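>
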Amino acid sequence: SSHKDLEPGEFVAGIRWEEERYPEGIKWKFLEHKGPVFAPPYEPLPESVKFYYDGKVMKLSPKAEEVATFFAKMLDHEYTTKEIFRKNFFKDWRKEMTNEEKNIITNLSKCDFTQMSQYFKAQTEARKQMSKEEKLKIKEENEKLLKEYGFCIMDNHRERIANFKIEPPGLFRGRGNHPKMGMLKRRIMPEDIIINCSKDAKVPSPPTGHKWKEVRHDNKVTWLVSWTENIQGSIKYIMLNPSSRIKGEKDWQKYETARRLKKCVDKIRNQYREDWKSKEMKVRQRAVALYFIDKLALRAGNEKEEGETADTVGCCSLRVEHINLHPELDGQEYVVEFDFLGKDSIRYYNKVPVEKRVFKNLQLFMENKQPEDDLFDRLNTGILNKHLQDLMEGLTAKVFRTYNASITLQQQLKELTAPDENIPAKILSYNRANRAVAILCNHQRAPPKTFEKSMMNLQSKIDAKKEQLADARRDLKSAKADAKVLKDAKTKKVVESKKKAVQRLEEQLMKLEVQATDREENKQIALGTSKLNYLDPRITVAWCKKWGVPIEKIYNKTQREKFAWAIDMADEDYEF
DNA sequence: TGATAAGACTCAGAAAAGTATAC
DNA sequence: GGTATACTTTTCTGAGTCTTATC
């Protein structure tokens, strides 16, 4: 099928993600589902598991006990030692205590949760030791639950729901230095739940003895269920899986917007370079910020309410303290040194040579400011995006990330793929291209705990393989010598088989070495996020087709489901 | 009407669960 | 051939972006 140049939503018979157009803003006509699955009720601890306060056994009321178990389960984790975590936890825990408990338990440090903690560890261990039959039984129950609650009907399709289970109560763990860490995430009840479905659908029934907060029929949104969470007061949603029509189509649209940017990006770049010279400070700031977003793939950087979240920034919210200007550094002129915490408190550290004009502008923006002042004091994401909207319909700051990620993949694949390499080497090239994007987008991960060890294991495998290969070569050599003397069919055959053995070992060795390189280069880099969210999957599909690499080598089952639209659509000459 | 808050959606890495491989 | 370990996939839910509603 060659309909690669269709616009999103354009009609092609028989292909589900191109099936139907809706009027502006309408997301569906029919929606029916069974509602959410609630967290299992709290099971009180056995009598034998004791809690001690100030060295003395103390029986806790069920509510206080439940919250105590949340803490006990996290005892091994670093954040139970953090001041803020402990303070927040203790404050919320006390709210769940009876008056009597409140009078006794006044100091968290005097609480001894070790028995609880050991009890849960033993339970985890027991779960691992379960018999095959018991494990199978649990698996079957999960499948039954998925079958009943994990799907919905949206228009003419049965679609997988992403998160049909309600988040269980527990202690909030933010990322980085979150001021609310340790607070109690309360149990969500049917009375908190808003159900969204179509008027002609069967409304899901709430658990016996309960009522929904509300049932609404809003086909301008895609969610099925929502509730308000108690830590930040924000709304949580149950939505569809990425394999669904509604998500797939949106994903496609995202990449089409990025492709439209490709057509006008040169013009936009010229424009912001002009704007570096503007008389208006606001315009200059906008132009420098946009330059960063384009060149460095920074996020937009919305304002955040102070004290409500970890202190992280994006481009527009950068502060003076986050950059350092070096007129000269390591033989390069006009270097900007970035050091700040971005989304999820992941550190962004980069030394970037910039154009003189950008450098001079930054000096100007920083004049007479304190470290904690905004670098771009005349700019925010609203102003920036409004400007971008004028440059291209649908253009916002994040489109630059998508565009630069995808174009980088395409370029890198072109550059790195050697036509006569074998499949494993091709896959290494793909991973390297993917890695270039992950580095651009600053997608990092904590090095795996067993990284050093697993590297050493791999190295010893390589060494062993090298020895095998040396042996095989020696054998081949002596077989050849024999053949030279004897010249009979039998010895010739032996030479052939020894040759094959050497070849096979060479291939195996090469595969291992490739694996080692790949793993080493990947130590602190997370490839998943870019693969899933930034790279136009059609580039990958085309590359696989062009070089005969099976798509399964690049995308696993879930990823193939998510990118089904692209796998169907792109042929080998697709260009982003 | 424009600033702000609420709402809806995408994107994020850690951890748990599942599977393959080594021993 | 069974079990421990390593590696991969899935789940989880927090943290962003951007749009829409509200005062």
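Residues in the first sequence are numbered consecutively from 1, following the UniProt record's numbering. No residue lacks a Cβ here, since even glycine has one placed at the ideal position from N, Cα and C. Model, not experiment: these values are computed from the prediction.
(1) Would you identify the three-state DSSP class for D568, choosing helix, strand or coil?
(2) Is it buried or exposed, G14, if we count other Cβ atoms within 10 angstroms and call 16 or more buried?
(3) Count Cβ pairs between the segment 236-253 and the segment 548-564 that sit closer than 8 Å; are there 3 or more?
(4) Under a three-way DSSP split, which group does S226 fall into?
(5) Quick one: residues in its chain with C-beta nearer than 6 Å to the C-beta of I188, no 5 flanking neighbours on either side, listed in chain order?
(6) Is I138 buried or exposed, if buried means 16 or more other CB atoms sit within 10 Å of its CB?
(7) For L45, which of helix, strand or coil comes out of DSSP?
(8) If you check the beta carbons only, do G182 and N88 fall under 7 Å apart?
(9) Under the three-state reduction of DSSP, which class applies to V549: helix, strand or coil?
(10) If we count the other Cβ atoms within 10 Å of its Cβ and call it buried at 16 or more, is I235 buried or exposed?
(11) Just confirm the distance between the C-beta atoms of E506 and L532, as a whole number of angstroms; I'd bet it's less than 8 Å.
(12) Who does R347 pair with in a DSSP beta bridge?
(13) Name, in chain order, the residues that DSSP records as bridge partners for D374.
(14) Please work out which residues of its chain come closer than 7 Å, Cβ to Cβ, to E521, disregarding the five sequence neighbours upstream and downstream, and give them in chain order.
(15) Taking the alpha carbon of E214 as the point to measure from, which residue in E191, M58, K477 and Q232 has its own alpha carbon closest?
(16) For E333, does the three-state DSSP call read helix, strand or coil?
(17) Verify whether the separation of the beta carbon atoms of R445 and A297 is less than 7 Å.
(18) My output table needs one value for Y119: the three-state DSSP class, helix, strand or coil.
(19) With a cut-off of 8 Å on the beta carbons, I'd call N361 and W276 a contact; round off their distance for me.
(20) Look at T257 and K27 and say whether their C-beta atoms are less than 7 Å apart.
(21) Name the DSSP beta bridge partners of M58, please?
(22) May I have the straight-line CA-CA distance separating P40 from D536, to the nearest angstrom?
(23) Starting from the C-beta of L546, find all residues in its chain whose C-beta is less than 6 Å away, skip the five residues before and the five after it, and write them out in chain order.
(24) Looking at F70 and G170, is the spacing between their C-beta atoms short of 7 Å?
(25) Out of E421, D471 and S497, state which residue places its alpha-carbon closest to the alpha-carbon of K511.
(26) List the endpoints of the continuous beta strand (DSSP E) containing C197.
(27) I want to know whether the segment 42-53 touches the segment 111-121 - three or more CB-CB distances under 8 Å.
Short version:
(1) helix
(2) Summary for G14: the model assigns pLDDT 41, below 50, so the residue's position carries little reliability; its value from the coordinates is reported in the next sentence. Answer is exposed; the Cβ neighbour count stays below 16.
(3) yes
(4) strand
(5) I166 and W227
(6) exposed
(7) coil
(8) yes
(9) coil
(10) exposed
(11) In fact, because the Cβ distance is near 35 Å, the residues do not count as touching under 8 Å.
(12) L341
(13) R319
(14) R435
(15) E191
(16) strand
(17) no
(18) helix
(19) 6 Å
(20) no
(21) F51
(22) 40 Å
(23) Note that residue 546 is Lys in the sequence shown here, rather than Leu. These residues qualify, in order along the chain: E572.
(24) yes
(25) E421
(26) Unbroken run through C197: none, as it is neither H nor E.
(27) yes
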